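Enquirer: Quick one: structure below, then a few questions.
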Amino acid sequence: MERGKMEPVEAKCPKCGYTEIVYIPVEEFPKCPRCGTQMVINELLDEGKSY
C-alpha cells in the first residue's frame with residue numbers, strides 16, 4: 157500500500173482506552189463516543205505484525 161492514500165489506522169482514546177479503526181486521510185479523526193476526548197493514532201494497520 158502506498159503512503160498518502162487511504163490507510164487504515166487504529167485510533168485509541170487516551171482517556172478511557174476505547175479503540176476504533178478509521179481510514180486516513182479520508183476520514184477526520186474521531187472523538188471518543190464514550191467520553192468525548194479527541195482520539196489519537198495507536199497503530200498503523202497497513203502491514204503485518206512481526207513477533
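In this note's numbering, the protein residues as written are 157 to 207.
We put the beta carbon where it would ideally sit given N, CA and C, even for glycine.
From a predicted model like this one, the values you see are computed outputs, not experimental measurements.
(1) Under a three-way DSSP split, which group does Met157 fall into?
(2) Kindly indicate the opening and closing residues of the beta strand (DSSP E) around Leu136.
(3) Going by beta-carbon coordinates alone, are Asn198 and Lys168 separated by less than 7 Å?
(4) Could you tell me which of Pro186, Gln194, Met162, Gly173 sits nearest to Ile180, measuring between CA atoms?
Expert: Quick answer:
(1) Any reading at Met157 needs caution, since the residue's pLDDT is 45, under 50, leaving its predicted position unreliable; the model's value is listed next. Here Met157 sits in coil by DSSP.
(2) Since the first and last residues shown for the chain are 157 and 207, residue 136 lies out of range.
(3) yes
(4) Checking every option, the nearest Cα to that of Ile180 belongs to Met162.
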